[in-house]
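Participant:
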Amino acid sequence: MSRRKTFEIPGVDHGAAPIPMAAQVGAFFHSSGIPPTDPATGSIPEDGQRQVELVFGNAAALLNVAGLGPADIVYLDVYLADNTLRPAVNKYWLEWFPDEHDRPARHVTVRPLPNGMLIQLQVQAVAE
Numbered sequence: 082m083s084r085r086k087t088f089e090i091p092g093v094d095h096g097a098a099p100i101p102m103a104a105q106v107g108a109f110f111h112s113s114g115i116p117p118t119d120p121a122t123g124s125i126p127e128d129g130q131r132q133v134e135l136v137f138g139n140a141a142a143l144l145n146v147a148g149l150g151p152a153d154i155v156y157l158d159v160y161l162a163d164n165t166l167r168p169a170v171n172k173y174w175l176e177w178f179p180d181e182h183d184r185p186a187r188h189v190t191v192r193p194l195p196n197g198m199l200i201q202l203q204v205q206a207v208a209e
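Taking our numbering, I'd label the letters of the sequence shown as residues 82 to 209.
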């Protein structure tokens, strides 16, 4: 039996790619790329602000199915196709981590993203 646990979000996936949304071994949790897919429709909206809202919602849902939450995050990778979305990212960042002395590490990379995505997240967390 594998020590690895995998996690999915209903309505959000990687299409035909044979990878889980996240995996955990012991206390270490790591997501794959979390897309801004609307779980209700299975599609990615064109609006960047809506994509930011959805990607943070999907990250929260993924953490939740693993029994984790934002307080367990140690590192967040943010990929942006449009750097003008950074203020929207910071809005959610500050909602999730209001205490400036209790925030995880974060890195933002600006680069083209596939399938109409303007944002994608990757989360690393530690379960206690």
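For every residue, glycine included, the Cβ atom is placed at its ideal position computed from N, Cα and C.
Predicted, not measured: the structure shown is a model, and the values here were computed from it.
Since residue 167 contacts residue 136 with CB under 8 Å, what's their CB separation in whole angstroms?
Facilitator: Actually they do not touch by this definition, with Cβ atoms about 13 Å apart.
Participant: What are the complete beta strand (DSSP E) segments, minimum 3 residues, inside the region 100-146?
Facilitator: Fully enclosed beta strand (DSSP E) runs of 3 or longer: 103-106 and 109-112.
Participant: Quick one: residues in its chain with C-beta nearer than 8 Å to the C-beta of residue 213, no 5 flanking neighbours on either side, listed in chain order?
Facilitator: This structure does not reach residue 213, given that the chain is present from 82 up to 209, and the question cannot be answered.
Participant: Hey, quick one: how far does the alpha helix (DSSP H) through residue 170 stretch, first residue to last?
Facilitator: Start and end: 167-177.
Participant: Short check: CB of residue 161 to CB of residue 191, under 9 Å?
Facilitator: Yes, these two residues count as a Cβ contact at 9 Å.
Participant: Once DSSP output is grouped into helix, strand and coil, what is the label at residue 206?
Facilitator: Here residue 206 sits in strand by DSSP.
Participant: Per DSSP, residue 158 forms a beta bridge with which residues?
Facilitator: The partner list for residue 158 (beta bridge, DSSP) reads 188 and 203.
Participant: Determine the direct distance from the alpha carbon of residue 138 to that of residue 123, and round the result to whole angstroms.
Facilitator: Each residue's Cα considered, the two are about 14 Å apart.
Participant: Beta strand (DSSP E) containing residue 85: first to last residue?
Facilitator: Counting along the chain, the beta strand (DSSP E) containing residue 85 begins and ends at 85-88.
Participant: Quick one: what's got a C-beta closer than 6 Å to residue 156's C-beta in the same chain, skipping five residues either side?
Facilitator: So the list reads 185, 186 and 205, once near-sequence residues are dropped.
Participant: Identify which residue in 108, 121 and 133 has its Cα closest to the Cα of residue 202.
Facilitator: With distances taken between Cα atoms, residue 202 lies closest to 133.
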